[in-house]
Amino acid sequence: MEYNFEADSFGASFSFPWAAVGGHIKDCTEAQIKILLCILAGASYTNSAVISAISGYDENEVDAAVEYWCSAGALHIKGENIGNVEPIAAPVAEKTHTFSGKNEPVSLVEAVRPAKTTAIDKKVTVRYTQREMREKMEKDSNLKYLVNEIQTLQFSINGNECAKLIELYEYYKFDVPSILLVADYCQRSGKSSIAYLCTVMTDWFNKGINTFSEVEQAIIHAGESKAFENKVAKLFGMENKPSKKQLAFINEWQNMGYNTELIEIAYDKCLDAKGKLSFNYINGILKNWAEKGITTVEQSGEEDKRFKNQQAVNRENEKPSFNLAEFEEYANNIDLSSINLGSRKDD
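Count along the sequence shown from 1, add 105, and you get the number used in the numbering used here.
Below you can see the structure in the form of structure tokens.
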């Protein structure tokens with residue numbers, strides 16, 4: 106049987122040190138290989154408590170697995186006692202993993218304690234140690250389920266990212282189904298990162314979106330907006346992604362209730378007048394229609410007829426008040442000899 110990976114299913118990924126680990130695959134236990142994978146997927150330094158929460162094994166099993174991989178040369182820790190090792194900041198390229206039982210690294214997150222569906226006015230810094238995060242997950246099975254389940258959506262979790270999830274859950278009061286629903290939406294959008302997830306959800310919170318049904322409707326609306334943006338971009342023949350300013354125009358047109366048929370008519374008028382795409386010009390046409398209550402293709406056609414009729418009336422009103430033909434006939438037939446023009450006096 107032949108196997109291959111479906112590349113499109115990959116989100117976050119990490120390197121696996123096969124040269125150091127490959128020779129031990131046959132001998133290591135299931136727990137040892139799972140714990141190693143959790144270590145490799147985590148932050149540049151971590152501790153037994155976090156790995157325990159992620160892997161589902163207790164800290165003693167984590168420490169034993171670490172000792173095994175240290176003896177195999179795959180991991181290196183500073184000091185003799187795993188439980189008392191202080192974490193050290195390692196260069197990013199080295200990705201050195203160290204473990205701490207006492208002096209855990211601190212995760213910093215921006216958080217508040219807002220009232221439900223109340224916009225955030227002030228932020229305070231909340232500090233969680235790795236042990237505090239583990240204790241929170243031990244006390245709250247829903248939070249532990251959230252941390253475990255979100256990783257099945259190709260989200261990688263380190264200390265700071267775990268703290269961000271706690272922030273959404275405890276401070277912004279989003280329930281677990283809501284967070285996982287938005288995480289699935291982000292993953293389908295190709296953005297499997299906790300940072301992006303938090304940006305989306307805090308923005309929605311400030312708009313008064315907090316319950317599961319509100320989150321569900323926000324996702325539906327976001328999908329509709331994205332589809333509308335794609336239709337307009339295709340209509341305009343845009344090869345590049347619209348800019349933020351252009352997206353703002355498109356979103357405004359959607360909020361005004363205009364479909365792509367009317368936008369296409371406005372686009373054609375823009376090309377006739379300007380010879381090129383101009384969002385400002387199209388926006389002017391659509392706003393003018395909105396002021397006149399024009400919302401259908403038929404109404405826009407009637408407006409064109411009224412405009413042409415008005416132009417014809419204006420041209421008629423601009424005609425001279427005298428008969429030009431009669432004046433020309435008089436000028437051609439006048440007898441200049443009958444007119445006494447007088448004589449010019451010498452200087």
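The beta carbon of each residue, even a glycine, is placed where N, CA and C say it ideally should be.
Which residue or residues does DSSP assign as beta-bridge partners of Tyr386? In the DSSP output, where bridge partners are listed per residue, Tyr386 has none listed.
Relative to the alpha-carbon of Ser283, which residue among Lys381, Ala323, Phe384 and Ala177 has its alpha-carbon at the smallest distance? Nearest neighbour of Ser283 by Cα position, chosen from Lys381, Ala323, Phe384 and Ala177, turns out to be Ala323.
Have a look at Leu376 and Leu391 and give me their C-alpha separation to the nearest angstrom. 15 Å
How would you label Met343, buried or exposed, when you count the other beta carbons within 10 angstroms and need 16 or more for buried? Met343 should be labelled exposed.
Given 8 Å, three or more beta-carbon pairs between the stretch 284–302 and the stretch 253–273: yes
Let me know the alpha helix (DSSP H) ranges lying completely inside the stretch 340–388, each 4 residues or longer, listed in chain order. 349–360 and 365–379
Can you grab the Cα-Cα spacing for the pair Trp358 / Glu408, in whole Å? 19 Å
Thinking Leu382 and Phe341 are a contact (beta carbons under 8 Å), I'd like their distance in whole angstroms, please. 6 Å
On a CA-only basis, which of Val252, Glu334, Leu251 and Lys349 is nearest Ile368? Give me that one, please. The residue among Val252, Glu334, Leu251 and Lys349 with its C-alpha nearest the C-alpha of Ile368 is Glu334.
Which residue from Cys267, Gln416 and Glu254 puts its Cα closest to that of Met238? Cys267
Cβ-based burial, Lys413 [other Cβ within 10 Å; buried from 16]: exposed
Span of the alpha helix (DSSP H) around Gly264: Gly264 to Ile271
Taking one C-beta from the stretch 311–326 and one from the stretch 269–283 each time, how about it: are there three or more such pairs within less than 8 Å? Verdict: yes, contact present.
Tell me whether Phe384 is buried or exposed, calling it buried when 16 or more other Cβ atoms sit within 10 Å of its Cβ. buried
Below 8 Å on the Cβ atoms is my guess for Ala170 versus Leu141; work out the distance and round it to an integer in Å. 7 Å
Which term fits Cys303, buried or exposed, when burial requires 16 or more other beta carbons within 10 angstroms of its beta carbon? buried
Please say whether Ser405 and Ile355 have beta carbons closer to each other than 9 Å? no
Residues in the same chain with beta-carbon distance under 8 Å from Lys397, minus the five sequence neighbours each way, listed in chain order, please. Glu408
Roughly how many angstroms lie between the CA atoms of Ile271 and Glu243, to the nearest whole one? Between the alpha carbons of Ile271 and Glu243 lies a gap of roughly 13 Å.
Could you check which residue in Tyr173, Glu275, Thr307 and Arg236 has the C-alpha nearest to that of His129? Tyr173
Have a look at Lys249, Gly295, Arg293 and Asp168 and flag the residue whose alpha-carbon is nearest the alpha-carbon of Glu275. It is Lys249.
DSSP state of Thr257 mapped onto helix, strand, coil: The DSSP-derived three-state label of Thr257 is helix.
With a cut-off of 8 Å on the beta carbons, I'd call Ala154 and Arg236 a contact; round off their distance for me. 5 Å
In the structure shown, what three-state DSSP assignment does Thr304 receive? helix
Using a Cβ-Cβ cut-off of 7 Å (strictly less than) and excluding sequence neighbours within five positions of Ser330, which residues of its own chain qualify? Counting only Cβ-Cβ distances below 7 Å, and skipping sequence neighbours, we find Asn356 and Gln359.
Exposure label - Gln416; buried when at least 16 CB within 10 Å: exposed
Proximal residues to Ala112 (C-beta, below 8 Å), its chain only, five neighbours per side dropped: Note on Ala112: pLDDT 42, under 50, position unreliable in the model; the coordinate value appears next. Counting only Cβ-Cβ distances below 8 Å, and skipping sequence neighbours, we find nothing.
In this structure, how does DSSP classify Tyr233 when only helix, strand and coil are distinguished? strand
Tell me which residue opens and which closes the alpha helix (DSSP H) that Tyr290 is part of. Val281 to Arg293
Tell me the DSSP secondary structure of Asn152 in three-state form. Annotated three-state conformation of Asn152 is coil, per DSSP.
Could you have a look at Asp163 and say whether DSSP puts it in helix, strand or coil? coil
Of the residues Ala179, Glu434, Ser176 and Ile138, the one placed nearest Ser160, counting alpha carbons only: Ile138
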